[in-house]
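Encoded as C-alpha cells, the structure appears first; notes follow it.
Right under this line is the structure:
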C-alpha cells in the first residue's frame with residue numbers, strides 16, 4: 098500500500114472534520130503560479146512560430162520555468178517539533194515519523210507536487226560515505242574532533258564508547274551489507290510508512306538479546322544521511338520542497354555540516370523553536386546559523402504554544418526575549434516571528450479535536466480568546482483551529498518570500514530572455530523577406546567567427562576579473578584569521594600570567610566570524626559589480642556585431658542584460674569551533690602543557706585545525722559556486738545569442754523559397770501570435 102492510499106484510508110472516516118482552508122496563506126504562491134502559467138503559455142506560443150534554433154533557446158527557458166522548485170529549510174532544536182510542523186505544512190498528519198532518533202543524521206526533503214492525481218510517489222535514500230561514517234565513528238564527530246585537539250582524552254573516550262555501541266548495532270542490523278552500502282543510494286517507485294521508518298527512524302532501543310532479531314524498522318537509519326520523498330499535495334498551488342533537517346543541538350554535531358549544507362541550498366529558512374525554551378544563549382549553534390542569513394531569509398516559528406499555561410500573555414514575553422537574544426548575538430533582528438502549534442494543526446488534519454490533551458485544549462481556548470475576532474464569526478471549529486495553529490500565517494510568510502524574492506525575479510529573467518529570442522526571430526523573418534542583398538555586407542562565416550571570438554574574450558575577461566576579486570578576498574580572509582589567532586593567543590598568555598593555569602578562560606570566536614563575514618560581504622559586492630559591468634559590455638558588443646553583420650533588419654532585437662546571480666550566504670561560518678565550548682576541556686589541555694610558549698604554539702595549532710574546514714568552505718567551496726554561477730549566466734546569454742545568430746543566418750540563406758511562409762495570411766497569423774506573446778512577456782519586465 099502506498100502512502101497516498103494509506104493516508105486517505107486513515108482520514109476518510111473523519112473527512113467531514115477536516116478544515117476547508119488548508120490553502121490559507123498560500124495566496125501569494127497561487128498568484129505566482131498563475132503568472133508562471135501565463136509565461137509558460139507565451140513561451141509555448143513563441144516556440145510554435147519560431148525556427149529550430151530559436152526553439153532551442155525557448156526550450157531551455159521552458160525547462161527552467163518548469164523545474165522551478167523553491168525550497169524551504171526547517172531547522173531548530175532537537176524535539177522542537179520540526180517534523181510535526183513539516184507534516185502540517187504538507188497537509189498530512191503523521192506523514193513523517195516525528196520521533197527521528199537523535200543518532201541519525203537525516204535531511205528529509207518532501208518534494209510536493211500540486212494536485213491529487215499524481216500517477217505515482219517516489220522515494221530516494223542516500224547513505225553516508227565511508228569518510229562521513231569514519232568521521233563520526235573514529236573521530237567522534239565534530240565534537241569528538243574538538244575534544245581530541247583540546248586534549249580532552251577522557252571526554253573523547255566517552256564519546257567513542259557511545260558511538261562504538263551504535264556502530265556495533267548497525268553491523269548487527271545490516272550484516273555483511275554494511276560496508277557495501279556506504280555511499281550508495283536506494284530508489285523506490287513508491288513509499289509508505291514502513292519504508293520511511295526503515296530508513297530514517299530507529300524506533301525503540303533493542304536489548305542485547307534482540308540484537309540479532311531486529312525487524313525492518315530502522316534497519317538503515319544509522320547510515321542514512323538524506324531522504325527525498327516525491328508526492329502530491331492538494332493544498333499547494335505550485336511545486337514546493339519542504340526540507341526537514343536534524344536538530345542543531347545533537348550530541349556529536351555530525352548533523353551540523355549536513356544542516357549547514359541544507360541551508361546553503363535554500364534561500365528561505367524556517368527556524369523552529371519550542372515555546373518552553375524559545376531561544377537562549379545555549380542555542381549558540383542555532384544563533385550562529387541564522388546570524389549569517391539576511392532577515393528576509395529567516396522566519397522564526399515558535400512551536401508548541403499548546404504547552405504554555407497562558408499563551409495569550411506569554412507569547413509577547415517570549416517574542417521580546419527572542420529579539421533581545423538576537424540583538425545581543427548579532428542575529429537577524431528584523432526576522433518575522435510567528436507563534437503556533439503543530440500539535441493543534443495535526444489534530445485538525447486527523448479530525449481529532451475531541452481527543453486533544455486537556456491542557457492543550459485549555460491553551461487553545463486561552464489563545465482563541467486573545468486571537469479570534471469578528472472575521473472568524475462564520476468559520477467552522479476546524480477552520481478556526483487551523484488558523485490558530487499558525488500554519489496559515491507561516492504559509493503566508495513563506496509564500497510571500499517565494500513569490501517576491503525568488504519567483505518574480507525568475508519570471509522577469511526568463512521573460513527578458515524570451516523577448517530577446519522572439520525579437521531575434523522577428524529579425525530573422527525580416528532578413529528572409531528582404532532577401533540576401535538587403536542585410537549588411539559581412540559574410541556569414543566572418544560574423545560567426547567574430548561572434549565566437551567575442552564570446553571567448555568576454556568569458557575569459559570575466560574569469561580574470563572574478564579571479565582578482567576572489568584572490569583579494571582570500572588574502573583578506575587569511576589576514577583576518579591570522580589577526581584573530583594572534584589576539585586569542587595573546588589573550589590566553591595574558592590570562593595565564595595574571596591568573597595561572599587553574600582559572601577558567603574564555604575567548605569568544607564571534608570576532609573571527611564577524612571579520613570573515615565582512616570580508617565575504619565586500620567580496621560578493623565587488624564580484625557582482627564586476628559581473629554586471631562585464632554583462633553590459635557583452636550585450637553592447639553583441640548588438641554591434643549583429644548590426645554590422647545584418648544591418649537595419651536586426652535593429653528590433655531587444656537584448657536584455659543578464660541578471661547577476663545572487664551569492665549564497667556565508668553559512669559555513671556557523672560551524673562550531675573549540676572556543677565555542679567553555680568547559681573542563683581547557684583545563685585538561687593546559688595541565689599537560691608546560692611553559693607559556695608551548696601554550697602559544699599548541700593553541701595556534703589547535704585553532705588552525707579547528708578553523709581549517711570552514712575557512713576552506715568559505716574561501717574555496719562557496720566562492721567556487723558563486724564564480725561558476727556568474728560564469729554560467731554569461732555563457733547562457735551567449736548560447737541564446739548564438740541560436741538567434743544561426744537562425745538569422747539560416748533565414749538569410751533560405752531566400753526566396755521560404756519567403757512565401759512569411760507573406761499573406763500565414764505572415765499575419767505568425768505576427769499576431771508573436772505580438773500577443775511579446776505583450777505577455779513585456780508585462781513581466783515592465
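Residue numbers (my numbering): 98 to 783.
Just so it is clear, CB atoms sit at the ideal spot from N, CA and C, and this is done for glycine as well.
What you are looking at is a predicted structure, and each value in this text was computed from that prediction instead of being measured.
Let's see if you can read the secondary structure: which residues bound the beta strand (DSSP E) around residue 340?
337–341
Mind checking which residues open and close the beta strand (DSSP E) that includes residue 219?
219–224
Leaving aside the five residues before and after residue 612 along the sequence, list all residues of the same chain whose C-beta is less than 6 Å from its C-beta, in chain order.
Excluding positions up to five away in sequence, the list reads 577.
In whole angstroms, give me the CA-to-CA distance for residue 570 and residue 507.
29 Å
Rounding to the nearest angstrom, what Cα-Cα distance links residue 99 and residue 292 in this structure?
Residue placement at residue 99 is poorly supported in this model, since its pLDDT is 47, which falls under 50; the coordinates still yield a value, given next. If I take the Cα positions, the gap works out to 10 Å.
Would you mind stating whether residue 340 and residue 204 have Cβ atoms separated by less than 9 Å?
yes
Which of helix, strand or coil DSSP assigns to residue 433
Residue 433 falls in the strand class under three-state DSSP.
Starting from the Cα of residue 780, find the closest Cα among 398, 509, 475 and give me that residue.
509
Could you spell out where the alpha helix (DSSP H) holding residue 210 opens and where it closes?
Element bounds for residue 210: not the alpha helix (DSSP H) but the beta strand (DSSP E), 204–211.
Hey, quick one: how far does the beta strand (DSSP E) through residue 283 stretch, first residue to last?
282–285
Whole-Å CB distance - residue 420 paired with residue 430, under 8 Å assumed
6 Å
Report the CB separation of residue 174 from residue 383 in whole angstroms; it is logged as a contact under 8 Å.
7 Å
Which value, in whole angstroms, describes the spacing of the CA atoms of residue 399 and residue 587?
41 Å
Sort out for me which residues DSSP pairs residue 323 with in a bridge.
Answer is 204, 223, bridged to residue 323.
For the beta strand (DSSP E) that contains residue 172, what are its first and last residues?
168–173
In the DSSP assignment, the beta strand (DSSP E) including residue 367 goes from what residue to what residue?
365–371
Which residues bound the alpha helix (DSSP H) around residue 410?
408–425
State the start and end residues of the unbroken beta strand (DSSP E) segment that holds residue 397.
Taken as a continuous stretch (DSSP letters only), the beta strand (DSSP E) holding residue 397 covers 395–400.
When the Cα atoms are used, what is the spatial distance from residue 477 to residue 725?
Between the C-alpha atoms of residue 477 and residue 725 there is a straight-line separation of about 52 Å.
Simplified DSSP assignment, three categories, for residue 374:
strand
Taking only three categories from DSSP, how would you classify residue 328?
The answer is strand: DSSP assigns residue 328 an E or B state.
When you compare the segment 624–632 with the segment 725–740, are there three or more beta-carbon pairs, one atom per stretch, that lie closer than 8 Å?
Enough Cβ pairs lie closer than 8 Å, so yes.
Distance, residue 319 Cα to residue 276 Cα
13 Å
Around the Cβ of residue 777, are there at least 16 other Cβ atoms within 10 angstroms (buried) or fewer (exposed)?
The residue in question, residue 777, is buried, as its Cβ has 16 or more Cβ neighbours within 10 Å.
Given 8 Å as the limit, is there contact between the segment 480–497 and the segment 115–131, that is, 3 or more CB pairs closer than that?
yes
Check the C-beta distance from residue 158 over to residue 524 and give it rounded, since I have them as a contact under 8 Å.
That pair is no contact at about 18 Å.
Residue nearest to residue 639 in terms of C-alpha spacing, selected from 718, 146, 550
Among 718, 146, 550, the Cα nearest to that of residue 639 is on 550.
Runs of alpha helix (DSSP H) wholly within the segment 137–193 (minimum 4 residues, chain order)
149–163, 179–187
Can you tell me whether residue 518 is helix, strand or coil according to DSSP?
helix
Which residues in the same chain as residue 397 place their Cβ atom closer than 6 Å to its Cβ, once the five residues preceding and following it in sequence are excluded?
368, 432, 434
Taking the C-alpha atoms as reference points, what is the distance between residue 221 and residue 287?
In a straight line, the C-alpha of residue 221 is about 10 Å away from that of residue 287.
Collapsed DSSP secondary structure at residue 604 in the structure displayed:
Coil.
Cβ-Cβ distance between residue 317 and residue 278 below 9 Å
Yes, these two residues count as a Cβ contact at 9 Å.
Quick check: the Cα distance between residue 447 and residue 610, rounded to an integer number of angstroms?
Straight across, the Cα-Cα distance linking residue 447 with residue 610 is about 45 Å.
Own chain residues within Cβ distance below 6 Å of residue 325, not counting five before or after
206, 221
Hey, would you say residue 522 sits closer than 9 Å to residue 212, going by beta carbons?
no
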